[in-house]
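Presented below is the structure to which this report refers.
Set out below in structure tokens:
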């Protein structure tokens, strides 16, 4: 399997993604420069966290127009797996590959902490290594993670089961206190209708080894490998 | 009268969050104003102000270009609305 990690000016989670795939999972991975357009040979494209273009104007707004994003759209429309992490999620909403938008955290504070998220569906390309209702312990680090969509879009997302992870307490209850940023319906991550594009604010790529505080991120990455036909433990 | 070429236009653009979108910055500013003693403040909405100088054949052309800029980049139609005015400049 071969992963690609897109590098925008201002990305800072690219090395974490690379490390997760290459050294933790032992699969092939390469960086893809934002001015390139070639994604051939890749099975999964990762849009990393960071502050692409300094978050100027809106987080993800300018990265969306970099040359690589046309290729990412083509790749996604052809059914390729795309996962956007944090800033990558913001880029996916700005580009229209995922619905909604990510607003300033309701606290106005940058939130750098560990959170719990509940897996809402254990059958998707990104969560098939999880149980439905499983609680994952993952880090977040963002100032603009407050998920918003208009009422019709939100209703459609819920009806289609496109919400894959929700902020919750350790018991798996989606409380106001467990919501770190004010996201509607405690939404931490959503997929597109086709199911091959996933965006989330938490950082599974930073949770691959116990040494760093937890390894629940492996569930997400193992799910991707399984949906690509790689048997995992 | 010599034909005007390369006319420069100044666009003043205001981008605001849609009324249905919660504005935590506005709420924080409101709290600040209240603590300064401006008790009459009922609501605050924060937005962006952008000035663009551009070259265009005429006012309609300039307005068309600015409208497209707002649609494509300057505003996110999911959460924001925009308005602008265009005037001749040096």
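Chains as they are written, first to last, in this note's numbering: chain A, 3 to 235; chain B, 3 to 92. Positions of the beta carbon are idealized from the N, C-alpha and C atoms, including for glycine.
- By alpha-carbon distance to residue 88(B), the top candidate from 78(B), 28(B), 59(B) is 59(B).
- Chain B has a Cβ within less than 8 Å of the Cβ of residue 105(A).
- Remark: C-beta atoms of residue 142(A) and residue 113(A) approach each other more closely than 8 Å.
- Spanning the alpha carbons of residue 30(B) and residue 39(B) requires a straight line of approximately 15 Å.
- For residue 66(B), the enclosing alpha helix (DSSP H) starts and ends at 61-71.
- For residue 118(A), the enclosing beta strand (DSSP E) has its first and last residue at 113-121.
- Residue contact with chain A for residue 31(B): absent (no Cβ-Cβ distance below 8 Å to any residue of chain A).
- Think of a sphere of 9 Å around the beta carbon of residue 24(B): the chain A residues whose beta carbon falls inside it are 105, 108, 148, 150, 184, in chain order.
- Assignment of residue 85(B) by DSSP, reduced to helix, strand and coil, places it in the strand class.
- Taking the Cα of residue 47(A) as reference, the smallest distance to any Cα among 26(A), 189(A), 81(A), 58(A) is reached at 81(A).
- Contact with chain A is found for residue 75(B), since one of that chain's Cβ atoms lies less than 8 Å from the residue's Cβ.
- Under the three-state reduction of DSSP output, residue 74(A) falls in the helix class.
- Of the other Cβ atoms in all chains shown, 16 or more fall within 10 Å of the Cβ of residue 60(A); this residue is therefore buried.
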